[in-house]
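Report on one structure; see the data block that follows.
Residue numbers (mature numbering (1 follows the signal peptide of the UniProt record, and there is no 0)): -29 to -1, 1 to 216.
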């Protein structure tokens, strides 16, 4: 190996490590969220406030299969709905008038050994509710649910309120606002516009664990809650989708 090649080798390794880190951080910066209309639910991957929806072929294919959708109506047993991969979402056919929909997407374990860090599991999930006026029982490890009070949401982690959690709410225009959960895990937002809102909460847990025979040292959760308001002021539209690179 020439002296020039010896100099280039560490640089190449650093660039590859940087690229891998960028890909991991980019995935974590994204979210999954549910939209439901006309008997069809769509699970998107991207960033709602930027009107960014990843596609297939592309980053939508990074998930480990098509997530199952859980459909729930008050007083009824939850129903499992299988979906299929479409161009810009996982698509499901819903029945009746569900009160809430929920989906948890499975992502490959993230190897961080090059940074001397343990593997990490990234767990994105999404909930949709028909109304904020009805309280919804949490079911996910990290969940974000309406309490039934106007504009009030509750963050729950493994069955208990999660104080000081940061919740970001994206309005129908993509405008965002952040609030910190109180000791009871609740946050309250003003929602003056009609249209679709997407709230998001994140939480990191460094308790080691194992999933499907693979060990990890940290779990990173991101959960969204989608709801649509029929009343309010007319909202500007979402921004134009980012141009593909």
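Backbone N, C-alpha and C define an ideal beta-carbon position, used for all residues, glycine too.
Remark: fewer than three beta-carbon pairs, one from each stretch, lie closer than 8 Å, so the stretch 160 to 176 and the stretch 66 to 79 are not flagged as touching.
In the structure shown, the three-state DSSP call for residue 59 is coil.
With contacts defined as CB atoms closer than 8 Å, residue 115 and residue 40 fail to qualify as a contacting pair. Pairing residue 119 with residue 143 gives a Cβ-Cβ distance that is not under 8 Å. Residue 65 is not a Cβ neighbour of residue 48, given a cutoff of 8 Å. The stretch 28 to 101 is shown to contain whole beta strand (DSSP E) runs of 3 or more residues at 40 to 43, 50 to 52, 61 to 64, 71 to 75, 91 to 100, in chain order. In this structure, residue 135 sits away from residue 117, with a CB-CB distance that is not shorter than 8 Å.
Less than 8 Å divides the Cβ of residue 187 from the Cβ of residue 89. Within the model, the alpha-carbon separation for residue 101 versus residue 198 is close to 6 Å.
The beta carbon of residue 50 sits closer than 6 Å to those of 42, all from its chain and outside the five residues before and after it, given in chain order. Bridge partners of residue 4 according to DSSP: 15.
Collapsing the DSSP output to three states places residue 25 in coil. By the criterion of a C-beta distance shorter than 8 Å, residue 181 is surrounded in its chain by 187, once the five residues flanking it on both sides are discounted.
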